[in-house]
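Comments concern the structure below.
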Amino acid sequence: MVFRVRKCRLQLLKLMSITAIALVFILLWNLSGFSFCRQEPSLCACHKCLTDSDPWFNYLINEAPKPFMSLKHKPSEEDFNWWKLLQRDKQNFTVYNKTLESVFQKITPIADVEEPRPDRCRSCAVVGNSGNLRGSHYGPMIDAHDIVIRINRGRTKGYETDVGSKKTYHVMYPESATRLENTTSLLFFPFKTSDFLWLLKASNPRQNGTRNSKMIANKDLMMILHPAFMKYVHEVWLRRKGAYPSTGFLTVVLSLLMCDEVNVFGFGADSDGNWSHYFEILRNKKIKTGGHPGQEEYKMIDKLHKRKKIYFFKGW
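The sequence shown lines up with residues 17 to 332 when you count with the numbering used here.
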């Protein structure tokens, strides 16, 4: 019994040490680009704000359109024509608009992104699903962030030590859907017109007078990614490489608009070049990164890390 207690204490101390070391490293990383002699007002309360003195990064961010859709900010026909090619959507612009009208009659998505404030520092963890999270012990550090963004089928139950349990936002589309807690905001990434019809069904709390067992998320906590933002990431960030950006990379760029400090976990292919997941065994060893420009995305995330815009945790 005494041996077990000592063993548990040692494991707890190990986890606390890993978390403390990593947090100190992040602090030193941020301080390395911070001047205590600087007199101009800061955009945020972090040691180093994202848009501080980097023309390359500021150009990319300034090119960004509003990321989320609303009744007043619907896609143009040009946006639609680019977007419909992603999944070879056969619907035309008229049908698409009618579908959006139906969505906005039932759902009022959150459309605005809060601007940085000098009295606040919003720290965000973007958590991908890479197999490199196995054995990482990043969980406590991930949960220490103000905002935690998870992606697709990324799960936490049984993996808390490595990936944490906190969920502020969850990115998904119909094929990657997972039921969310009532307090978690849905970041919905639609890739075809039928995705909006799925959203209407999945967010309707009652259907034919009975409880709809397929309700997926709180309809008052939804944000719908705008096609113009997807196009912007593909053309400006990835220079049109690949068919279109992955949900993971779209999320990383989106976080740069939503947060003041960004730390990225769980990205990168395995040694065979496949996007394997920490929560499952990869059966198809030839999938690589699909139609997405996986290498370009990884290089860009690494570049953001090297320019000290984010901190990229690559696994232990």
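In this text, a Cβ means the ideal position worked out from N, Cα and C, and glycines have one as well.
Indicate the three-state DSSP secondary structure (helix, strand or coil) for residue 129 in the structure shown.
coil
Look at the alpha carbon of residue 60 and the alpha carbon of residue 75, and state the distance between them as a whole number of angstroms.
19 Å
Measure the alpha-carbon distance for residue 102 versus residue 267 and round it to whole angstroms.
17 Å
Pick out the complete alpha helix (DSSP H) segments inside the stretch 103-150, 4 residues or longer, and give them in chain order.
109-122
Going by alpha carbons, who is nearest to residue 99 out of 243, 297, 296?
243
Helix, strand or coil for residue 192 per DSSP?
helix
What did DSSP end up calling residue 85 once you bin it into helix, strand or coil?
coil
Which residues in the same chain have their Cβ closer than 8 Å to the Cβ of residue 81, if we skip the five residues on either side of it in sequence?
242, 244, 245, 248
N- and C-terminal bounds of the beta strand (DSSP E) containing residue 329:
326-329
Whole-Å CB distance - residue 135 paired with residue 155, under 8 Å assumed:
That pair is no contact at about 30 Å.
For the pair the stretch 211-220 and the stretch 180-193, tell me if three or more CB-CB distances fall below 8 Å.
yes
Classification of residue 298 by the beta-carbon crowding that lies within 10 angstroms, buried from 16 upward
exposed
Find out if the Cβ-Cβ distance for the pair residue 147, residue 286 is shorter than 7 Å.
yes
Looking only at C-alpha atoms, which of 197, 324, 232, 94 sits nearest to residue 280?
324
Whole-angstrom C-beta distance between residue 212 and residue 66, which should lie under 8 Å:
So it is not a contact: roughly 32 Å between Cβ atoms.
Which residues does DSSP list as the beta-bridge partners of residue 201?
185
Residues near residue 181 by beta carbon distance below 6 Å, same chain, minus five either side:
172
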